[in-house]
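Report on one structure; see the data block that follows.
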Amino acid sequence: MRKNRFYRRMPKAVRYAILGVLIFFGIWMYRSCKADSANKFLIEETPIQVTKIREIAELAVIGMEDEFVLDSVEYYKSKTEKYSGNSFKLQNTRDFKNVISNSEIKRRLTLIVKTKSKIGFDLSENQLQIFQNKDTVWIHTGKPKILSVERNPSKTKVFIENGSWSDSDRIRLLERIPKKIEKRLKENDLNKKVESIFQELLIKLLKDDRQILVYHDL
Amino acid sequence: MKKYFFWILILGMQLAACKSDKAVETAVYKIKELGQLSTSEYTLSKVLQLNDKGEWFKIGDRKILISCQAKAKAGVDLRKLDISEVELEKGYIKIGIPSIELMSFEMIPESVSTEMSEVTGFRSSFTQEEKNKILRQGEDNIRKNLARTGLYEDAHKNTVLFIEKFYQDLGFTKIDVYAQKSIL
Chain A
1 MRKNRFYRRM PKAVRYAILG VLIFFGIWMY RSCKADSANK FLIEETPIQV TKIREIAELA
61 VIGMEDEFVL DSVEYYKSKT EKYSGNSFKL QNTRDFKNVI SNSEIKRRLT LIVKTKSKIG
121 FDLSENQLQI FQNKDTVWIH TGKPKILSVE RNPSKTKVFI ENGSWSDSDR IRLLERIPKK
181 IEKRLKENDL NKKVESIFQE LLIKLLKDDR QILVYHDL
Chain B
1001 MKKYFFWILI LGMQLAACKS DKAVETAVYK IKELGQLSTS EYTLSKVLQL NDKGEWFKIG
1061 DRKILISCQA KAKAGVDLRK LDISEVELEK GYIKIGIPSI ELMSFEMIPE SVSTEMSEVT
1121 GFRSSFTQEE KNKILRQGED NIRKNLARTG LYEDAHKNTV LFIEKFYQDL GFTKIDVYAQ
1181 KSIL
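Protein sequence lines, in the order shown, are assigned to chains A and B.
Following the working numbering, the numbering of the first sequence begins with 1 at its first residue and continues without gaps.
Following the working numbering, the numbering of the second sequence begins with 1001 at its first residue and continues without gaps.
Structural data, given as structure tokens:
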């Protein structure tokens, strides 16, 4: 009652000033507790070291551009685990929303990765052999294989991140990509396409009227 | 007046908490025919260092060190080879190779490792999303400095050696390989 009287006696301007300070303090508290954002990150300048130099001879014959969704999810096994897991998540402002939704998910990481992969032949010395006679040129190579898979951070998007995830967890997810590409190659019989394109390229390079045959060990 | 003041306050707070979303990128995914001969491969390593002091209203610091490696391959695109300019005589070939290009650039996922991370005050630990953003900067930095490593010079030298060996195996005794365009 006394408080109320005191409040009424205050001039309007002072009342609004107090209200303004309280709002400012509330926003400050909210922002300082709010999850950190990575938008303003700037790494420091450090040197680049060349750790390995290799002389190679790889001929990429086809390039594939793709997008993969990699998802890893773990569920709580019991109610007790759920309560203890959720109380742990409460410590982190980032996971707060997941606790409120009372989800059964213990943790989840979903990545969307745009990849560029190249398939072709290793033509290094022991892999490439040439035999010829007056009518035919035989070129012996290794089997077509995946030469590179670009899974770079610039083309990776962390779509969902619930709970705590380590570097090795992310690596395990990214390691699935080459296996998926290999499967796709087999399913679409792309190795045959690789061989025919390679043959066309050799004809162009050799500028030879003879028959050119490419083969590899089974 | 009081009624409006309350609603203006609510609206202001809502706007302050708003975050703008970028439009989703769309792309066409396809298979491309290539003819890229890579002749030099460099493995590069870098330690990414971040000291995130945060904005003035944040209490505490965050520091992280991430080590990573990238593999870069350089060589020539044989589809750009101008066959009309190839001179062929008995046992002699003169061939101009196209300019050296970066053929592939891979940040090796297995090599990424958090060496040190320290979080103080009310700050939150680094998430995978944040680490990915740090790695993006590292990737960009390595790419920008590739030319200084000597990768392209090596690739040119190795390409000439490969072409010479290839035509030697086909029976040519005199092989003249030159750069079609200035590469360096």
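For glycine and all other residues, C-beta sits at the position ideal for the given N, C-alpha and C.
Remember, predicted model here, so these are calculated numbers, not experimental data.
| Item | Value |
| --- | --- |
| DSSP-derived helix/strand/coil call for residue 160/A | strand |
| Backbone secondary structure at residue 124/A - three-state DSSP | coil |
| Inter-residue spacing [alpha-carbon to alpha-carbon] between residue 1104/B and residue 148/A | 7 Å |
| Contacts of residue 1107/B in chain A (Cβ-Cβ under 9 Å) | 150, 151, 152, 153 and 154 |
| Run of the alpha helix (DSSP H) containing residue 85/A, from where it starts to where it stops | 79-89 |
| Top-ranked residue by Cα proximity to residue 1138/B, from 48/A, 58/A and 163/A | 48/A |
| Span separating the alpha-carbon of residue 75/A from that of residue 69/A | 19 Å |
| Inter-residue Cα distance where the pair is residue 1037/B and residue 1076/B | 5 Å |
| Status (buried if at least 16 other CB within 10 Å, exposed otherwise) for residue 57/A | buried |
| Selection from 1097/B, 1119/B and 1064/B that minimises the alpha carbon distance to residue 1164/B | 1097/B |
| Residues, ordered as in the chain, of the stretch 161-172 of chain A that lie near chain B by beta-carbon distance below 7 Å | 161, 165, 167, 170 and 171 |
| Neighbour flag for residue 50/A against chain C, beta carbons, 8 Å | In summary, chain C is missing from the structure at hand, where the protein chains are A and B. |
| Which of helix, strand or coil DSSP assigns to residue 1119/B | strand |
| Cβ-based burial, residue 25/A [other Cβ within 10 Å; buried from 16] | exposed |
| Backbone CA spacing between residue 140/A and residue 1178/B [nearest angstrom] | 27 Å |
| Residue closest to residue 1210/B, alpha-carbon to alpha-carbon, out of 1030/B, 1039/B, 1034/B and 1031/B | Since the first and last residues shown for chain B are 1001 and 1184, residue 1210/B lies out of range. |
| Short CB-CB distance (under 8 Å) between residue 1047/B and chain A | yes |
| Residue 172/A: first and last residue of the uninterrupted alpha helix (DSSP H) it sits in | 167-174 |
| Short CB-CB distance (under 8 Å) between residue 63/A and chain B | yes |
| Enclosing beta strand (DSSP E) for residue 46/A [first to last residue] | Unbroken run through residue 46/A: none, as it is neither H nor E. |
| Chain-order list of residues whose beta-carbon lies under 6 Å from that of residue 1054/B (same chain, five-residue window excluded) | none |
| Beta carbon proximity, residue 158/A to chain B, threshold 8 Å | yes |
| Residue 1042/B and residue 1149/B closer than 8 Å at C-beta | yes |
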